[in-house]
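Written out below as C-alpha coordinates is the structure these notes cover.
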Amino acid sequence: MKTSDFYYDLPQEQIAQTPIEPRDHSRLMVLHKDSDEIEHKHFYDIIDYLNEGDCLIVNDSRVIPARIYGYKEDTGAKIEFLLLKQISGNRWETLVKPGKKAKLGARFIFGDGLLKAEVVDIIDDGNRIVELDCDENIFTTLDKIGQMPLPPYITEKLEDQERYQTVYSHELGSAAAPTAGLHFTNELLDKIRAKGVNIGYVTLHVGLGTFRPVKVDDVTKHKMHSEHYEVPEETAELIRQTKANGKRVIAVGTTSCRTLESVAAEYGEVKACDGYTDIFIYPGFTFKVLDGLITNFHLPESTLIMLVSAFYGYDKTMKAYEVAVREKYRFFSFGDAMALL
14 MKTSDFYYDL
24 PQEQIAQTPI
34 EPRDHSRLMV
44 LHKDSDEIEH
54 KHFYDIIDYL
64 NEGDCLIVND
74 SRVIPARIYG
84 YKEDTGAKIE
94 FLLLKQISGN
104 RWETLVKPGK
114 KAKLGARFIF
124 GDGLLKAEVV
134 DIIDDGNRIV
144 ELDCDENIFT
154 TLDKIGQMPL
164 PPYITEKLED
174 QERYQTVYSH
184 ELGSAAAPTA
194 GLHFTNELLD
204 KIRAKGVNIG
214 YVTLHVGLGT
224 FRPVKVDDVT
234 KHKMHSEHYE
244 VPEETAELIR
254 QTKANGKRVI
264 AVGTTSCRTL
274 ESVAAEYGEV
284 KACDGYTDIF
294 IYPGFTFKVL
304 DGLITNFHLP
314 ESTLIMLVSA
324 FYGYDKTMKA
334 YEVAVREKYR
344 FFSFGDAMAL
354 L
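Mapped onto the numbering used here, the consecutive letters of the sequence shown carry residue numbers 14 to 354.
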(Lines of atoms letter the chains of each structure in order from A and count residues from 1; the text may use other names and numbers.)
(Lines give C-alpha, C1' and ligand atoms only; values in the text may rest on other atoms or scores of the structure.)
Protein backbone atom coordinates (compact mmCIF):
# COMPACT_ATOMS: atom_id res chain seq x y z
CA MET A 1 0.00 0.00 0.00
CA LYS A 2 1.48 3.31 -1.13
CA THR A 3 1.11 6.73 0.39
CA SER A 4 -0.08 8.03 -3.00
CA ASP A 5 -3.07 5.66 -2.77
CA PHE A 6 -4.51 8.10 -0.22
CA TYR A 7 -4.27 11.20 -2.40
CA TYR A 8 -7.34 13.14 -3.51
CA ASP A 9 -7.80 16.51 -5.22
CA LEU A 10 -9.15 19.25 -2.97
CA PRO A 11 -9.96 22.76 -4.20
CA GLN A 12 -8.30 25.38 -1.99
CA GLU A 13 -11.61 27.13 -1.32
CA GLN A 14 -12.95 24.04 0.49
CA ILE A 15 -10.33 24.31 3.25
CA ALA A 16 -12.35 25.87 6.09
CA GLN A 17 -10.75 29.08 7.36
CA THR A 18 -13.24 29.94 10.09
CA PRO A 19 -15.48 27.84 12.33
CA ILE A 20 -19.23 27.55 11.68
CA GLU A 21 -21.55 29.22 14.20
CA PRO A 22 -23.18 27.69 16.14
CA ARG A 23 -20.72 24.81 16.49
CA ASP A 24 -23.26 22.07 15.80
CA HIS A 25 -24.53 23.62 12.53
CA SER A 26 -21.63 22.23 10.50
CA ARG A 27 -22.56 19.57 7.98
CA LEU A 28 -22.39 15.86 8.79
CA MET A 29 -21.84 13.03 6.33
CA VAL A 30 -23.26 9.82 7.77
CA LEU A 31 -21.67 6.60 6.52
CA HIS A 32 -22.77 3.08 7.37
CA LYS A 33 -20.26 0.27 7.80
CA ASP A 34 -22.73 -2.37 6.57
CA SER A 35 -23.86 -0.53 3.43
CA ASP A 36 -22.74 1.98 0.79
CA GLU A 37 -25.42 4.50 1.77
CA ILE A 38 -24.22 8.09 2.24
CA GLU A 39 -26.48 10.55 4.08
CA HIS A 40 -26.04 14.33 4.18
CA LYS A 41 -27.12 15.90 7.48
CA HIS A 42 -26.12 18.60 9.96
CA PHE A 43 -24.05 17.82 13.04
CA TYR A 44 -26.97 18.37 15.43
CA ASP A 45 -28.62 15.36 13.70
CA ILE A 46 -25.98 13.08 15.25
CA ILE A 47 -28.39 12.44 18.13
CA ASP A 48 -30.68 10.52 15.74
CA TYR A 49 -27.92 7.98 15.14
CA LEU A 50 -27.07 7.36 18.80
CA ASN A 51 -28.97 4.77 20.84
CA GLU A 52 -29.68 4.44 24.55
CA GLY A 53 -26.78 2.58 26.18
CA ASP A 54 -24.22 3.60 23.56
CA CYS A 55 -21.20 5.53 24.79
CA LEU A 56 -19.28 8.38 23.22
CA ILE A 57 -15.60 8.60 24.15
CA VAL A 58 -14.19 12.13 23.88
CA ASN A 59 -10.70 13.56 24.33
CA ASP A 60 -10.70 16.25 27.04
CA SER A 61 -7.22 17.59 26.23
CA ARG A 62 -6.98 21.37 26.05
CA VAL A 63 -4.77 23.24 23.58
CA ILE A 64 -2.13 25.46 25.13
CA PRO A 65 -1.07 28.76 23.52
CA ALA A 66 2.09 26.96 22.51
CA ARG A 67 3.47 29.33 19.85
CA ILE A 68 5.82 31.93 21.36
CA TYR A 69 8.01 34.58 19.74
CA GLY A 70 11.22 35.90 21.25
CA TYR A 71 14.88 36.59 20.59
CA LYS A 72 18.29 35.06 21.15
CA GLU A 73 19.89 36.31 24.35
CA ASP A 74 23.32 37.15 22.92
CA THR A 75 22.49 38.41 19.42
CA GLY A 76 18.88 39.59 19.61
CA ALA A 77 18.01 37.44 16.57
CA LYS A 78 14.27 36.69 16.31
CA ILE A 79 13.09 33.16 17.10
CA GLU A 80 9.83 31.21 17.10
CA PHE A 81 9.14 28.25 19.40
CA LEU A 82 6.25 25.83 19.13
CA LEU A 83 6.05 23.78 22.33
CA LEU A 84 5.10 20.26 21.25
CA LYS A 85 5.29 18.03 24.29
CA GLN A 86 6.03 18.38 27.99
CA ILE A 87 8.81 15.91 28.82
CA SER A 88 8.91 16.68 32.55
CA GLY A 89 8.40 19.84 34.58
CA ASN A 90 9.68 22.74 32.49
CA ARG A 91 11.50 20.54 29.97
CA TRP A 92 9.73 20.47 26.59
CA GLU A 93 10.19 19.07 23.11
CA THR A 94 10.01 22.09 20.82
CA LEU A 95 9.90 22.97 17.14
CA VAL A 96 12.23 25.94 16.59
CA LYS A 97 12.36 28.35 13.63
CA PRO A 98 14.96 29.09 12.41
CA GLY A 99 16.64 25.95 13.74
CA LYS A 100 20.17 27.09 12.86
CA LYS A 101 19.97 29.73 15.61
CA ALA A 102 19.14 27.10 18.25
CA LYS A 103 22.39 25.26 18.82
CA LEU A 104 23.08 23.33 22.01
CA GLY A 105 23.35 25.76 24.94
CA ALA A 106 21.67 28.65 23.08
CA ARG A 107 19.49 30.83 25.34
CA PHE A 108 16.34 32.75 24.39
CA ILE A 109 14.05 35.35 25.96
CA PHE A 110 10.26 35.63 25.48
CA GLY A 111 7.58 38.05 26.67
CA ASP A 112 9.95 40.79 27.88
CA GLY A 113 11.71 38.32 30.16
CA LEU A 114 8.63 36.52 31.54
CA LEU A 115 10.01 33.33 30.03
CA LYS A 116 13.56 32.19 29.28
CA ALA A 117 14.70 29.04 27.54
CA GLU A 118 17.90 27.09 26.97
CA VAL A 119 18.46 24.35 24.36
CA VAL A 120 19.62 21.25 26.27
CA ASP A 121 19.40 18.62 23.51
CA ILE A 122 18.84 18.22 19.77
CA ILE A 123 16.95 15.07 18.79
CA ASP A 124 16.95 12.99 15.60
CA ASP A 125 14.23 14.87 13.70
CA GLY A 126 15.80 18.27 14.46
CA ASN A 127 13.40 19.22 17.25
CA ARG A 128 14.97 20.75 20.35
CA ILE A 129 14.61 19.77 23.97
CA VAL A 130 14.49 23.04 25.90
CA GLU A 131 14.52 23.91 29.60
CA LEU A 132 12.08 26.74 30.33
CA ASP A 133 12.51 29.19 33.19
CA CYS A 134 9.69 31.39 34.51
CA ASP A 135 8.54 32.73 37.87
CA GLU A 136 4.97 31.46 37.56
CA ASN A 137 3.45 28.16 36.49
CA ILE A 138 4.44 27.56 32.84
CA PHE A 139 0.80 27.41 31.68
CA THR A 140 0.01 30.71 33.41
CA THR A 141 2.97 32.30 31.64
CA LEU A 142 1.96 30.85 28.26
CA ASP A 143 -1.53 32.31 28.72
CA LYS A 144 0.10 35.73 28.91
CA ILE A 145 2.61 35.51 26.06
CA GLY A 146 1.62 32.58 23.81
CA GLN A 147 -0.52 32.31 20.71
CA MET A 148 -2.87 29.51 19.68
CA PRO A 149 -0.98 27.19 17.29
CA LEU A 150 -3.42 27.05 14.39
CA PRO A 151 -2.48 24.72 11.51
CA PRO A 152 -0.61 26.38 8.60
CA TYR A 153 -3.54 25.89 6.20
CA ILE A 154 -5.64 28.30 8.32
CA THR A 155 -4.63 31.81 7.29
CA GLU A 156 -7.57 33.77 8.77
CA LYS A 157 -7.18 35.27 12.24
CA LEU A 158 -9.15 33.44 14.93
CA GLU A 159 -11.26 36.05 16.74
CA ASP A 160 -12.31 33.82 19.64
CA GLN A 161 -9.49 31.57 20.94
CA GLU A 162 -12.07 29.26 22.59
CA ARG A 163 -13.33 28.21 19.16
CA TYR A 164 -10.14 26.13 18.84
CA GLN A 165 -11.06 24.32 22.07
CA THR A 166 -13.78 21.73 22.65
CA VAL A 167 -16.46 22.76 25.15
CA TYR A 168 -15.32 19.90 27.42
CA SER A 169 -11.56 20.59 27.17
CA HIS A 170 -9.96 20.37 30.58
CA GLU A 171 -6.48 18.84 30.67
CA LEU A 172 -3.80 21.27 29.42
CA GLY A 173 -1.18 19.88 27.06
CA SER A 174 -2.06 19.76 23.34
CA ALA A 175 -0.27 21.52 20.50
CA ALA A 176 -3.34 21.09 18.28
CA ALA A 177 -7.05 20.62 18.95
CA PRO A 178 -8.80 17.23 18.80
CA THR A 179 -10.99 18.78 16.12
CA ALA A 180 -13.81 16.22 15.81
CA GLY A 181 -15.02 17.45 19.20
CA LEU A 182 -15.27 21.08 18.09
CA HIS A 183 -18.78 20.41 16.71
CA PHE A 184 -20.37 19.65 20.09
CA THR A 185 -22.20 22.30 22.11
CA ASN A 186 -23.11 21.87 25.77
CA GLU A 187 -26.79 21.87 24.76
CA LEU A 188 -26.26 19.04 22.26
CA LEU A 189 -24.31 17.04 24.85
CA ASP A 190 -27.18 17.50 27.33
CA LYS A 191 -29.66 16.16 24.74
CA ILE A 192 -27.39 13.20 24.04
CA ARG A 193 -27.17 12.37 27.76
CA ALA A 194 -30.95 12.76 28.10
CA LYS A 195 -31.37 10.07 25.43
CA GLY A 196 -29.44 7.65 27.65
CA VAL A 197 -26.14 7.85 25.80
CA ASN A 198 -23.13 7.84 28.14
CA ILE A 199 -20.10 10.07 27.66
CA GLY A 200 -16.64 8.98 28.78
CA TYR A 201 -13.39 10.93 28.80
CA VAL A 202 -9.85 10.06 27.84
CA THR A 203 -6.90 12.43 27.52
CA LEU A 204 -4.46 12.35 24.63
CA HIS A 205 -2.24 15.40 24.24
CA VAL A 206 -2.10 16.02 20.52
CA GLY A 207 1.35 16.63 19.08
CA LEU A 208 2.18 17.68 15.55
CA GLY A 209 3.30 14.15 14.66
CA THR A 210 -0.34 13.29 13.97
CA PHE A 211 -0.46 15.88 11.19
CA ARG A 212 3.02 15.50 9.74
CA PRO A 213 3.02 14.37 6.12
CA VAL A 214 3.96 10.78 5.39
CA LYS A 215 7.29 11.10 3.56
CA VAL A 216 7.83 7.46 2.62
CA ASP A 217 6.25 5.68 -0.37
CA ASP A 218 5.59 2.50 1.60
CA VAL A 219 2.95 3.28 4.23
CA THR A 220 4.26 0.59 6.58
CA LYS A 221 7.63 2.34 6.86
CA HIS A 222 6.16 5.52 8.39
CA LYS A 223 7.01 6.14 12.05
CA MET A 224 4.54 8.01 14.26
CA HIS A 225 5.62 10.41 16.99
CA SER A 226 4.54 9.38 20.48
CA GLU A 227 1.85 11.25 22.40
CA HIS A 228 0.89 11.06 26.06
CA TYR A 229 -2.48 9.55 26.99
CA GLU A 230 -4.49 8.75 30.10
CA VAL A 231 -7.55 6.54 30.58
CA PRO A 232 -9.35 6.95 33.94
CA GLU A 233 -10.98 4.00 35.70
CA GLU A 234 -14.54 5.33 35.21
CA THR A 235 -14.02 5.40 31.42
CA ALA A 236 -12.56 1.89 31.36
CA GLU A 237 -15.53 0.65 33.40
CA LEU A 238 -18.01 2.47 31.12
CA ILE A 239 -16.52 0.74 28.07
CA ARG A 240 -16.66 -2.66 29.77
CA GLN A 241 -20.33 -2.15 30.69
CA THR A 242 -21.23 -0.87 27.23
CA LYS A 243 -19.67 -3.90 25.56
CA ALA A 244 -21.25 -6.29 28.08
CA ASN A 245 -24.67 -4.80 27.27
CA GLY A 246 -24.15 -5.25 23.54
CA LYS A 247 -24.12 -1.51 22.89
CA ARG A 248 -21.69 0.59 20.83
CA VAL A 249 -18.47 2.38 21.76
CA ILE A 250 -18.15 5.41 19.48
CA ALA A 251 -14.93 7.42 19.47
CA VAL A 252 -15.11 11.16 18.91
CA GLY A 253 -12.00 11.83 16.87
CA THR A 254 -8.93 9.92 15.78
CA THR A 255 -7.18 10.80 19.06
CA SER A 256 -9.84 9.03 21.16
CA CYS A 257 -9.72 6.13 18.70
CA ARG A 258 -5.94 5.82 18.92
CA THR A 259 -6.01 5.98 22.72
CA LEU A 260 -8.56 3.17 23.07
CA GLU A 261 -7.04 0.92 20.43
CA SER A 262 -3.53 1.49 21.76
CA VAL A 263 -4.52 0.45 25.29
CA ALA A 264 -6.49 -2.57 24.01
CA ALA A 265 -3.55 -3.65 21.84
CA GLU A 266 -1.22 -3.54 24.83
CA TYR A 267 -3.44 -4.99 27.57
CA GLY A 268 -6.06 -6.98 25.64
CA GLU A 269 -8.81 -4.67 26.92
CA VAL A 270 -9.36 -1.05 27.87
CA LYS A 271 -8.13 -0.54 31.43
CA ALA A 272 -7.22 2.46 33.55
CA CYS A 273 -3.66 3.47 32.64
CA ASP A 274 -1.46 6.20 31.25
CA GLY A 275 1.56 6.22 29.00
CA TYR A 276 2.76 7.11 25.52
CA THR A 277 1.44 5.80 22.24
CA ASP A 278 2.88 5.86 18.74
CA ILE A 279 0.22 3.53 17.32
CA PHE A 280 -0.21 3.86 13.55
CA ILE A 281 -3.56 2.62 12.26
CA TYR A 282 -3.82 1.88 8.54
CA PRO A 283 -5.77 -0.64 6.41
CA GLY A 284 -5.31 -4.18 7.70
CA PHE A 285 -5.52 -3.07 11.34
CA THR A 286 -7.88 -5.12 13.56
CA PHE A 287 -10.02 -2.91 15.80
CA LYS A 288 -10.64 -4.31 19.27
CA VAL A 289 -12.80 -1.54 20.77
CA LEU A 290 -14.40 0.79 18.24
CA ASP A 291 -17.93 0.32 16.90
CA GLY A 292 -18.20 3.83 15.48
CA LEU A 293 -16.12 6.92 14.74
CA ILE A 294 -16.96 10.62 14.45
CA THR A 295 -14.24 12.56 12.69
CA ASN A 296 -13.46 15.46 10.36
CA PHE A 297 -12.23 15.32 6.76
CA HIS A 298 -8.46 14.89 6.73
CA LEU A 299 -5.52 15.93 4.56
CA PRO A 300 -4.62 13.86 1.49
CA GLU A 301 -1.96 11.22 2.17
CA SER A 302 -2.18 11.80 5.94
CA THR A 303 -2.07 9.14 8.66
CA LEU A 304 -5.59 10.25 9.62
CA ILE A 305 -7.22 9.40 6.29
CA MET A 306 -5.37 6.06 6.55
CA LEU A 307 -6.97 5.48 9.97
CA VAL A 308 -10.43 6.21 8.58
CA SER A 309 -9.74 3.82 5.67
CA ALA A 310 -8.74 1.12 8.14
CA PHE A 311 -12.07 1.46 9.96
CA TYR A 312 -14.46 2.02 7.06
CA GLY A 313 -12.64 0.33 4.17
CA TYR A 314 -10.26 1.88 1.65
CA ASP A 315 -12.54 1.96 -1.40
CA LYS A 316 -15.55 3.27 0.53
CA THR A 317 -13.44 5.96 2.23
CA MET A 318 -11.95 7.31 -0.98
CA LYS A 319 -15.42 7.31 -2.57
CA ALA A 320 -16.81 9.24 0.43
CA TYR A 321 -14.06 11.84 0.06
CA GLU A 322 -14.83 12.14 -3.65
CA VAL A 323 -18.49 12.78 -2.76
CA ALA A 324 -17.50 15.29 -0.06
CA VAL A 325 -15.44 17.31 -2.56
CA ARG A 326 -18.25 17.22 -5.11
CA GLU A 327 -20.89 18.22 -2.53
CA LYS A 328 -18.73 21.14 -1.37
CA TYR A 329 -18.13 19.97 2.19
CA ARG A 330 -15.68 22.06 4.22
CA PHE A 331 -12.41 20.32 5.09
CA PHE A 332 -9.87 20.02 7.91
CA SER A 333 -9.83 21.53 11.43
CA PHE A 334 -12.73 23.99 11.14
CA GLY A 335 -14.52 21.92 8.51
CA ASP A 336 -17.46 19.52 8.48
CA ALA A 337 -17.68 16.07 10.03
CA MET A 338 -18.40 12.47 9.13
CA ALA A 339 -19.91 9.75 11.28
CA LEU A 340 -18.94 6.14 10.54
CA LEU A 341 -21.49 3.91 12.21
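Just so you know, even glycine gets a beta-carbon here, dropped at the ideal spot from N, CA and C.
A check of alpha carbon separations from Gly118 across Asp148, Glu149, Ala350, Glu86 identifies Glu86 as the nearest. Counting along the chain, no beta strand (DSSP E) covers Leu23, and no H or E run does either. In the structure shown, Leu41 adopts extended strand secondary structure according to DSSP, grouped into three states. Shortest Cα-Cα distance from Tyr177 to any of Leu221, Phe347, Gly89 involves Phe347. Between the beta-carbon of Thr216 and that of Asp73 there is about 6 angstroms, and that keeps the pair under the 8 angstroms contact cut.
Residue burial annotation: Glu247 is exposed, with fewer than 16 other C-beta atoms found within 10 angstroms of its C-beta.
If you keep only unbroken beta strand (DSSP E) runs of at least 3 residues inside the stretch 172-222, you get 184-187, 211-217. With contacts defined as CB atoms closer than 7 angstroms, Val244 and Ala277 fail to qualify as a contacting pair.
Under DSSP, Ile263 forms a beta bridge with Leu69, Gly305. The stretch 262-277 makes no contact with the stretch 118-136; the number of CB pairs closer than 8 angstroms stays below 3. Just so you know, the alpha carbons of Ala189 and Val76 end up roughly 6 angstroms apart. Within the same chain, Ile205, Lys208, Val210 come within 7 angstroms of Leu63 by CB-CB distance, once the 5 residues on both sides are set aside. Setting aside the 5 residues that flank it on each side, Tyr242 is surrounded in the same chain by Leu217, Thr272, Thr290, each with a C-beta closer than 6 angstroms to its C-beta; the list follows chain order. The C-beta separation of Asp37 from Leu201 comes to about 5 angstroms, placing the pair in contact by the 8 angstroms criterion.
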